[in-house]
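Please read the structure below before turning to the comments.
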Amino acid sequence: METVTQGTRNWLQRAVELDSTDSFAAAVRAEFEIPPGVAYLDGNSLGLCCRSARSAVLSALAEWGRFGVDGWLSAATPWFDLAESVAEQVAPWVGAYPDEVAVGASTTVQLHQLLATLIPARPERSVVVLDDLSFPSDSYAVAAQLSMRGFDPKRCIRRVPARDSGLVEEADLIAALDDTVLAVLVPGVVYTTGQRMDLARIAAAAHGVGALMGADCSHSVGVLPHRLHDWGVDFAVWCHYKYLNGGPGAPGGLFLHRRHHGLRPGLAGWWGSDKSRQFDMAPEMTPAAGAGALQIGTPSILSLAAVAGALELLNSVGVDRIRARSLCLTRFMSEHAREALAGLNFTQVTPEQDERRGGHLAFSHPGAARVCRVLKREGVVPDFRPPNLIRLAPAPLYTSYEECARAIELLADIVRSGRHLAEPGERERVA
Ligand SMILES: Cc1ncc(COP(=O)(O)O)c(C=O)c1O
């Protein structure tokens, strides 16, 4: 049971006051289906379902029922054009021209496609720079693509370690660049630590040595502004199921800067055809003019419908408002944590500075897996990342200050009481 101290009361009271003065946030939250009885702080893993996503999926189902195969051309947004329509909706969220975006395959497949397209165009280079904290699937895709080109990934992947702070410094990534480097791939926000990376700075440094710069924006898109085109990023991927609330397994997105348009797709498929030629059924492909050429096969219409529906809501709010609220929420949590978690063996790994912080906070603790299990059982949904990180993501569209305060108080109470010590020690399984 939570111990109610004066400090607890103060933070909870402040949180309730902040919530009560923000009627706009309350109105947006009302658009979401919030799992009952819990403070959901896992929107950086799977964003919640909003009304507009639900109704877009139901409309797509109704159109399937009504039109059958004719839905490809007769649906309100013909299914044949739906991926292009979603690409247009999401382009502002990554700071791209619509023809620089393609949506359809999973995030990992999008990365495979970009690498398979870009690597052959630079046969003289074979080194890829990755940060040591990069998402495993990114590493696997890079290794597989290098292997397919006959390069040894053990020799060709140059990993930049995190410093003692747990953070990867841009300066270290830049120091790892030289004229053997084909590409550097970095996250927009590091999925473990919540650290925001300066993509423009890394892109400029990469171009200085003639390398490409790629970004995995899965943990940054939907929670902070991007200007991928203007920053000079060459290629990027992201998923739509985190802060963009497009639903479990929602299709991933890719960005290919206009300067690379016209390259033959590495993994060619008929959905990358020029749309006016796709049904010619010719044995030779005529690729679409822009990033659309990197589509592969038929996209999942029901999943795209959910993404389109969620984007309607997001576009009505706008990224600047989202980022401003996200920063307020994480700042509030961080200040609360500094006081409430003092002396309990927690360390906030996420940077304090606004410009270096993404949408979630990560705290290290030696008993993190056990603490997360108790947290979840007692009404706060966090997530755990091995070996010792607790991630808490206040989603700016639907998390209240009160939920943030409750999470920090519960964290403190669990560790103070030692409730986590009774948990079995086996490794936490994370979806
Ligand atoms: C940072 C990051 N990159 C890549 C992926 C892989 O995405 P997908 O499973 O859609 O391929 C994830 C999945 O959570 C992720 O968090």
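In short: position in the sequence shown from 1, add 43, done, that's my numbering.
Idealized CB from N, CA, C, for every residue including glycine.
Check, Outcome
"Closer than 7 Å: Phe322 CB and nearest ligand 1 heavy atom", "no"
"Terminal residues of the alpha helix (DSSP H) in which Leu55 lies", "Gln49 to Ser63"
"Supposed close pair Pro437, Gln238 - CB separation, criterion 8 Å", "Not a contact, Cβ separation roughly 17 Å."
"Runs of alpha helix (DSSP H) wholly within the region 402-426 (minimum 4 residues, chain order)", "411-420"
"Member of Gly290, Ala336, Arg462 and Ala214 whose CA lies at the smallest distance from the CA of Cys92", "Gly290"
"Span of the alpha helix (DSSP H), counted from its first residue to its last, around Gly108", "Arg94 to Phe110"
"Gly251 burial status per 10 Å Cβ neighbour count (16 or more: buried)", "exposed"
"Range covered by the beta strand (DSSP E) that runs through Phe278", "Phe278 to Cys282"
"Distance between Val224 and Pro179 (C-alpha atoms, nearest Å)", "20 Å"
"Anticipated Cβ contact below 8 Å, Leu337 with Thr151, distance rounded", "Contact doesn't hold; Cβ gap of about 14 Å is too wide."
"Rounded separation between Leu347 and Ala126 - CA only", "7 Å"
"Candidates Leu384, Thr442 and Leu440, of which the one nearest Val458 by Cα", "Leu384"
"Pro230 beta carbon near ligand 1 (any heavy atom closer than 7 Å)", "yes"
"Buried/exposed call for Ser98, threshold 16 Cβ in 10 Å", "exposed"
"Enclosing alpha helix (DSSP H) for Gly114 [first to last residue]", "Gly114 to Ser117"
"Rounded straight-line distance, which links the Cα of Cys415 to that of Leu464", "12 Å"
"Every unbroken beta strand (DSSP E) within the region 201-232, with a cutoff of 3 residues, ordered by chain", "224-230"
"Contact set for Ala349: own chain, Cβ-Cβ below 7 Å, skip 5 residues either direction", "Ala96, Ala99, Val100, Gly289, Gly290 and Ala293"
"Separation of Asp85 from Thr235, as counted between CA atoms", "13 Å"
"Closer than 7 Å: His269 CB and nearest ligand 1 heavy atom", "no"
"Residue nearest to Leu242 in terms of C-alpha spacing, selected from His272, Ala219, Gly253 and Val170", "His272"
"Val112 burial status per 10 Å Cβ neighbour count (16 or more: buried)", "exposed"
"Phe24 in three-state terms, based on DSSP", "With the chain covering only 44 through 474, there is no way to say anything about residue 24."
"Residues bridged to Thr390 (per DSSP)", "Ser407"
"Local Cβ density within 10 Å of Thr390, reported as buried at 16 or more and exposed below that", "exposed"
"Alpha carbon of Ala474 to alpha carbon of Val227, nearest angstrom", "Confidence at Ala474 is low in this model, with a pLDDT of 35, below 50, so its placement is unreliable and the value that follows should be read with caution. Taking the straight line joining both Cα atoms gives about 28 Å."
"Residue nearest to Val276 in terms of C-alpha spacing, selected from Ala139, Trp122 and Gly312", "Ala139"
"CB contact flag (Trp274, Ala246, <8 Å)", "yes"
"Span separating the alpha-carbon of Arg428 from that of Gly401", "16 Å"
"Reduced DSSP secondary structure (H/G/I, E/B, other) of Gln238", "strand"
"Runs of beta strand (DSSP E) lying entirely within the region 158-201, each at least 3 residues, in chain order", "170-174"
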